[in-house]
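These notes concern the structure reproduced below.
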Amino acid sequence: MKEQRTSVAAQATHLRELTAFLQEFWSSASLPPAECLAFELALEEIFMNVVMHGSAGADVPQVDVSLALTPAGLTLTVEDDGPGFDPLSLPPPDVTASVADRPVGGLGVFLVRTMMDTVSYARIAGRNQLRMSKRLEG
Amino acid sequence: MNLRIEAMGEITHVMPEGRLDFDAAPAFQQAFERLFRGAGPAPAAVIIDGAALEYVSSAGLRAVLLAAKAAQRSGTAFALCALQPSVREVFELSGFSQIMPIHPDLETARIQVRAPKK
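Protein sequence lines, in the order shown, are assigned to chains A and B.
Per the working numbering, numbering of the first sequence is gapless, rising by one per residue and ending at 333.
Per the working numbering, numbering of the second sequence is gapless, rising by one per residue and ending at 593.
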């Protein structure tokens, strides 16, 4: 099992270093390149959700990101100490509406749920924890 | 992300290179605003060539949707082409491949955007 973690403040400017953290993990573990996008997307969507929702509180939340690779697959965990928010409670978007009728938001969490095998939310000791796992092919 | 925009006849090619993510989406959006609200007439057709587009997130999809909406309002034909497989998957999962034309290559896209509307 290979595990790595990092920690940043919930500010949009840190998205780039989180992506670099994931990409370095990916290449050092020689994981299949084609599968990286799903995790990059999950990390961006969930982190940016924390940035948006976390700004409702007085303090900027701290975000802990960890990656754990096991024979069963890769698990990405995003934890933060911001206000309680379960992104999985958001209603799914209408993915069939036309260009004119299509609302411009609400796709991020839907994509994460669709691209990962399992996604779970928990509120533990005043922290939001979102855990996303996917089996890696090839 | 780098963004190259080239007018070729009445068709404008937009070529994003790299990542269309939360960081890059505002610049992408602004480029389309200039295209449709700039001094000259709106182009007859816009093709987003995805050959060098490596990544898209919901923020990027949002920018593409806003571009498609702006094109529709201006009466401009709008299409994407040559998406890499993992980027194409995101367009399919989000339902975007059902609401905007995505062609396998630039040549097909250029023929299709000039075809009369059914």
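The beta carbon of each residue, even a glycine, is placed where N, CA and C say it ideally should be.
Treat the numbers as computed from the prediction; the structure is a model and nothing was measured.
Under DSSP, the alpha helix (DSSP H) around residue i begins and ends at which residues?
{"i": "R322/A", "result": "First-last for R322/A: 322-329, but that is the beta strand (DSSP E), not the alpha helix (DSSP H)."}
{"i": "M247/A", "result": "231-249"}
{"i": "T583/B", "result": "581-589"}
{"i": "R479/B", "result": "Here R479/B belongs to no alpha helix (DSSP H); instead the beta strand (DSSP E) covers 477-483."}
{"i": "Q218/A", "result": "210-223"}
{"i": "A502/B", "result": "500-512"}
{"i": "G303/A", "result": "303-310"}
{"i": "R563/B", "result": "560-568"}
Can you pull the chain B neighbours of residue i, defined as C-beta to C-beta under 7 Å?
{"i": "L232/A", "result": "Y530, S561"}
{"i": "A207/A", "result": "F497"}
{"i": "R330/A", "result": "Those within 7 Å of R330/A in chain B number zero; the least Cβ separation is about 16 Å."}
{"i": "E235/A", "result": "Y530"}
Residues of chain B with a CB under 9 Å from the CB of residue i: which are they?
{"i": "R297/A", "result": "L540, A543, K544, G570, F571, I574"}
{"i": "A251/A", "result": "Residues of chain B passing the Cβ test: none, with the nearest at roughly 19 Å."}
{"i": "A229/A", "result": "P560, S561"}
Could you tell me which chain A residues have their CB closer than 7 Å to the CB of residue i, listed as they occur along the chain?
{"i": "S533/B", "result": "E240, L302, G303, L306"}
{"i": "F503/B", "result": "Residues of chain A passing the Cβ test: none, with the nearest at roughly 13 Å."}
{"i": "Q547/B", "result": "V294, A295"}
Closer than 7 Å by C-beta to residue i: which residues in its own chain qualify, once you throw out the five before and the five after it? Chain order, please.
{"i": "G277/A", "result": "A205, V245, H248, G249, G252, P256, N323"}
{"i": "V588/B", "result": "I486, A520, I522, A552, A554"}
{"i": "D496/B", "result": "Y530, S532, A534, G535"}
{"i": "S223/A", "result": "none"}
{"i": "R548/B", "result": "none"}
Along chain A, in chain order, which residues have C-beta atoms closer than 8 Å to that of residue i?
{"i": "S537/B", "result": "Rather than Ser, the amino acid found at residue 537/B in this sequence is Arg. Ordered by position in chain A, the residues that pass the 8 Å Cβ test against R537/B are V299, G300, L302."}
{"i": "V521/B", "result": "Under the 8 Å cutoff, chain A gives no residues; its nearest Cβ is about 13 Å from V521/B."}
{"i": "V588/B", "result": "Within 8 Å Cβ-Cβ: nothing; V588/B doesn't reach chain A, min ~15 Å."}
Spatial neighbours of residue i within its chain, please: C-beta separation below 6 Å, excluding the five flanking residues on both sides.
{"i": "G279/A", "result": "R318"}
{"i": "A543/B", "result": "F553, M575"}
{"i": "R308/A", "result": "V314"}
Looking only at its own chain, which residues have a Cβ that is under 8 Å from the Cβ of residue i, when we skip the five neighbours before and after it?
{"i": "P518/B", "result": "A482, E485, I486, T487, L510, T551"}
{"i": "V562/B", "result": "G525, L528, E529, Y530, V531"}
{"i": "M243/A", "result": "A207, L210, G303"}
{"i": "T583/B", "result": "C556"}
{"i": "T214/A", "result": "E235, L238, E239"}
{"i": "G493/B", "result": "M476, N477, A499, A527, L528, E529, Y530"}
Checking 8 Å against the spacing of the C-beta atoms, do residue i and residue j come in under that value?
{"i": "S569/B", "j": "V260/A", "result": "no"}
{"i": "L271/A", "j": "L238/A", "result": "yes"}
{"i": "V565/B", "j": "L226/A", "result": "no"}
{"i": "L540/B", "j": "C556/B", "result": "no"}
{"i": "F503/B", "j": "P491/B", "result": "yes"}
{"i": "T265/A", "j": "M196/A", "result": "yes"}
{"i": "L262/A", "j": "Q199/A", "result": "yes"}
{"i": "V258/A", "j": "V203/A", "result": "yes"}
{"i": "A267/A", "j": "R330/A", "result": "yes"}
{"i": "A512/B", "j": "G300/A", "result": "Per the sequence shown, residue 512/B should be read as Arg rather than Ala. No, the Cβ-Cβ distance between R512/B and G300/A is not below 8 Å."}
{"i": "L325/A", "j": "Y316/A", "result": "yes"}
{"i": "P298/A", "j": "P282/A", "result": "no"}
{"i": "I586/B", "j": "L558/B", "result": "no"}
{"i": "L269/A", "j": "S328/A", "result": "yes"}
Could you check where the beta strand (DSSP E) with residue i kicks off and where it finishes?
{"i": "S315/A", "result": "313-319"}
{"i": "Q199/A", "result": "197-204"}
{"i": "E529/B", "result": "528-531"}
Since residue i meets chain B, which of its residues come closer than 8 Å, beta carbon to beta carbon?
{"i": "M311/A", "result": "Chain B residues near M311/A: none, gap ~12 Å exceeds 8 Å."}
{"i": "R322/A", "result": "Near R322/A there are no residues of chain B at all, since even the closest Cβ is about 23 Å away, more than 8 Å."}
{"i": "R211/A", "result": "D498"}
Which residues of chain D have a Cβ atom closer than 7 Å to the Cβ of residue i, listed in chain order?
{"i": "M247/A", "result": "The structure shown has no chain D; the protein chains it does contain are A and B."}
>> Which residues of the segment 263-294 of chain A have a Cβ closer than 9 Å to any Cβ of chain B? Give them in chain order.
In response: P288, D289, V290, T291, A292, S293, V294
> Residues in the segment 482-494 of chain B with C-beta within 7 Å of chain A's C-beta atoms, listed in sequence order?
Replying inline: none
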